[in-house]
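Shown next, in structure tokens, is the structure this report addresses.
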Amino acid sequence: MNEPVDAITVEMVGQTLAGVVQEMQNSLFCTGYSTIIRESRDASCAILDPAGAVLSQFTVLPLHLGAFPACVTHLLDVYPPADMRDSDAFVVNHPYFGGSPHAPDMAVISPIIVDGELFGFSASIAHKSDIGGLVPGSSSGQAREIFHEGIMLPPVRFGREVETILRANSRTPELVLGDLRGQVGATALGVARVRELCARHGSAAVTAATERGYRLTEQRVRAAIAAWPDGEYDGAACLHSEGLEGGEPVWVRVRVRLDDEHVSFDFSDSGDQVSGPYNIRPPLVRAVCSYVLKCLIDPELPSDQGWTLAADLIVRDGSVVSPRMPAPVNTYMPIANVVAEALFTALAAPLPRARIAESGRGVSGTLSHLVPDRRYPLVQYELPAGAVGARADQDGVSASKAHVANGTITPVEILETEFPVEITRFELVPDSGGAGRFRGGLAYVREYRMRGDARFSARGGHLRTPPRGKDGGLPGTPGCTVVNPGTADERRVRPDDGTVRLRPGDVLRREMTGAGGYGDPSTRNVDRVLGDVRDGYVSPDAARDQYGVVVVRSGHTWDVDEAATAALRTG
């Protein structure tokens, strides 16, 4: 521990750093070239100490709480502090030799040097539109090794040579380099702001305050855990995707051990790593554990290293949650959500507030448009959203990212302005949320009409088994991707289909997955069912068949047939 520091200084420094990372994030969103940065906001920023402990993170993506320390650890293995300069920015995107979630996520890390000493690091991680690989967008459902997923950089000093290498290995070099330079600018901003903070308070006091800050987070987390019932609790969840070889589900199993203020998460019994891209690295699993703890303890506590210090992680090498090189990982997000669902299932036994139905997932994939007179294709990379599962006391959230990601759905106006597509449909899907006393969140559907030649590469989210309900709640609906729906040329697209060619006038439909419901649907409040019918969330048939509520037309609206409903619910 560094020199003593008073509570006021700890709070002032902590709040200042929180403001710094938010300013970094805003800078990145404003300077990003690609829609995935500007609109989807698939990026986050952090300040770390000299050993890689997170001092503050702006949590657009909770998973990055695990990725940032891993990236810095690998950086220090290659570049000791004595080799770092004031103006340096380092780039890394290797999932195994760098800590990035997957290769399209590039980290930029800049040392913060104060009075000749390494104070810490300013860092950002942001998704890139294309870094090579099998398909445009670099995330192929057919990837069978990490080398299929694009160029990978261990920690290297950013400069002209790195730009030249990336330019030669990307289908969208202007976007990739523009976004990367935006990251360099954001991390430089973080460096400048932290130096200003040290100039005000002194670097020794700031160092002491930051360490005290994340230790306080750890203490608060441990105090909350100490109040939970001791014991061992098992949870399991699976991913049953059309993109998995053999068609068998991949299971994530966890045993949570609670002992006074100590908690451990043991994933040793999880399934083996898979040949496809549905694997996830341990730093991200640790971040998912921290996310679940934060949901259950206090979402308002700072996002810092204290969360990861408060819990132990056990994984089995060669499993889906600790794959061996060169297993592919580009579709790690569905497995990250499965990890969260397994954890919530385990902790639902001692903690009723952890009871939540399974959430829907986005049906992901990438469109690339072949435009005449352009050297490179236009890569349309979106962050699709599913829906959030219902809980014991409230409905799920519709058309929303669930659990460990907070990216946004790209607006229609942006897509139609920047890509040769017409969005002909964008709406919630009635009856897609699992029925229950509390209804699961609804999925949405988007249809794209091509205005030129294009290719589509499907990825994750196409589920064979829909998100499960909880305590009698019904499942949500599985997602799908269909070309030219409702015509003689209709074709369902799966992740293992590779790249599908689309011609002008073709329509691509992407329907996301709905979330599970909670509790017996026949116990749902009748007025809530009526409201759902009036809003178009639930059809009259589903109201009758699933909820036992009979609704009838009354002018331009719907009303409940109380006698028929009473007979149906008591019959």
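Here the numbering used here is used: the first residue of the sequence shown is 623, the next is one more, and so on.
Beta carbons: idealized from backbone N, C-alpha and C, even for Gly.
Residue interval of the beta strand (DSSP E) (run including residue i)
i       : result
Ala748  : 739-749
Met955  : First-last for Met955: 954-969, but that is the alpha helix (DSSP H), not the beta strand (DSSP E).
Phe887  : 884-888
Pro733  : 727-736
Arg938  : Looking at the DSSP string, Arg938 is not in any beta strand (DSSP E), and its letter there is neither H nor E.
His991  : 987-991
Phe690  : Premise fails: Phe690 lies in the alpha helix (DSSP H), 686-700, not in any beta strand (DSSP E).
Leu677  : 676-679
Ser666  : 665-670
Ala1080 : 1076-1080
Thr1179 : 1179-1182
Tyr913  : From DSSP, Tyr913 is part of no beta strand (DSSP E) but of the alpha helix (DSSP H) over 904-919.
Leu1000 : 1000-1003
Leu1124 : 1121-1124
Arg1150 : First-last for Arg1150: 1148-1157, but that is the alpha helix (DSSP H), not the beta strand (DSSP E).
Ser1176 : 1173-1176
Val682  : Note, Val682: premise wrong, no beta strand (DSSP E); not H, not E.
Val896  : Taken as a continuous stretch (DSSP letters only), Val896 belongs to no beta strand (DSSP E), as it is neither H nor E.
Arg1113 : 1113-1115
Pair within 8 angstroms by beta-carbon distance, residue i and residue j
i       : j       : result
Arg779  : Asp881  : no
Tyr913  : His724  : no
Ser792  : Asp752  : yes
Thr809  : Val635  : no
Tyr1159 : Pro1143 : no
Glu854  : Arg822  : no
Gly893  : Ala765  : no
Gly1055 : Ala1137 : yes
Ser886  : Asp852  : no
Phe680  : Val643  : yes
Arg1077 : Pro758  : yes
Arg1071 : Val1043 : yes
His686  : Val714  : no
Thr1032 : Thr657  : yes
Val1270 : Val943  : With the chain covering 623 to 1193 only, the question about residue 1270 has no answer from this structure.
Val843  : Ile919  : yes
Ala979  : Gly928  : no
Val985  : Met1134 : yes
Residue i - partner residues in DSSP beta bridges
i       : result
Trp873  : Cys860
Glu1038 : For Glu1038, which the question treats as bridged, DSSP gives no partner whatsoever.
Glu569  : The structure shown has nothing for residue 569, since the chain only spans 623 to 1193.
Ile659  : Its beta-bridge partners do not exist; DSSP assigns none.
Gln1168 : Looking at the DSSP assignment, Gln1168 forms no beta bridge with any residue, so it has no partner.
Glu854  : Arg879
Gly1008 : Ser1022
Val778  : Val713
Gly982  : Ala1009
Tyr1140 : Phe1060, Lys1092
Residue from the options whose Cα sits closest to the Cα of residue i
i       : options                           : result
Ser990  : Ala810, Thr1121, Ile773           : Thr1121
Gly982  : Val961, Ala958, Ala1009, Val1174  : Ala1009
Pro1052 : Arg946, Val1043, Ser678, Val1067  : Val1067
Ala675  : Ala858, Trp1180, Ala1024, Pro905  : Pro905
Asp939  : Val813, Ala1110, Asp891           : Asp891
Leu683  : Gly738, Pro1088, Ala1024, Glu739  : Ala1024
Ser1079 : Ala704, Ser886, Ser760            : Ser760
Asp995  : Asn952, Val627, Thr786, Gly1074   : Gly1074
Gly857  : Gly1141, Pro999, Leu969, Ala1188  : Leu969
Arg803  : Ala1076, Leu992, Phe712           : Phe712
Ser666  : Val1034, Tyr655, Asp705, Ser678   : Ser678
Pro776  : Val1182, Val798, Ala1185, Ala729  : Ala729
Phe719  : Ala1065, Pro726, Ala692, Pro703   : Ala692
Arg1013 : Val1171, Arg1090, Gly754, Ile1036 : Arg1090
Gln1016 : Gln805, Ser1176, Gly1139, Leu756  : Gly1139
Lys916  : Arg1166, Arg1114, Ile847          : Ile847
Gly1018 : Tyr998, Leu973, Ala1065, Gly984   : Ala1065
Asn648  : Arg660, Thr638, Gln637            : Arg660
Ser1020 : Arg997, Pro999, Glu1049, Glu1035  : Glu1049
Thr1087 : Gly1141, Val872, Asp926           : Val872
Extent of the continuous alpha helix (DSSP H) run through residue i
i       : result
Thr839  : 825-848
Val714  : First-last for Val714: 712-714, but that is the beta strand (DSSP E), not the alpha helix (DSSP H).
Ile1045 : Here Ile1045 belongs to no alpha helix (DSSP H); instead the beta strand (DSSP E) covers 1043-1050.
Gln637  : 629-653
Arg1086 : Looking at the DSSP string, Arg1086 is not in any alpha helix (DSSP H), and its letter there is neither H nor E.
Thr1030 : Unbroken run through Thr1030: none, as it is neither H nor E.
Gly928  : 928-931
Original post:
If you pair each beta-carbon of the stretch 1057-1067 with each one of the stretch 1140-1159, do three or more pairs fall below 8 angstroms?
Top reply: These segments touch.
Open item on the list: Is it the case that the stretch 1003-1018 contacts the stretch 1112-1130, given that we only count it when at least three CB pairs across the two stretches are under 8 angstroms?
Closed with: Segments in contact, no.
### Message
I'd like to know if the stretch 740-757 and the stretch 666-680 are in contact, where contact means that at least 3 CB-CB pairs between them fall below 8 angstroms.
### Response
Contact between the stretch 740-757 and the stretch 666-680 is present, because at least three Cβ pairs lie under 8 angstroms.
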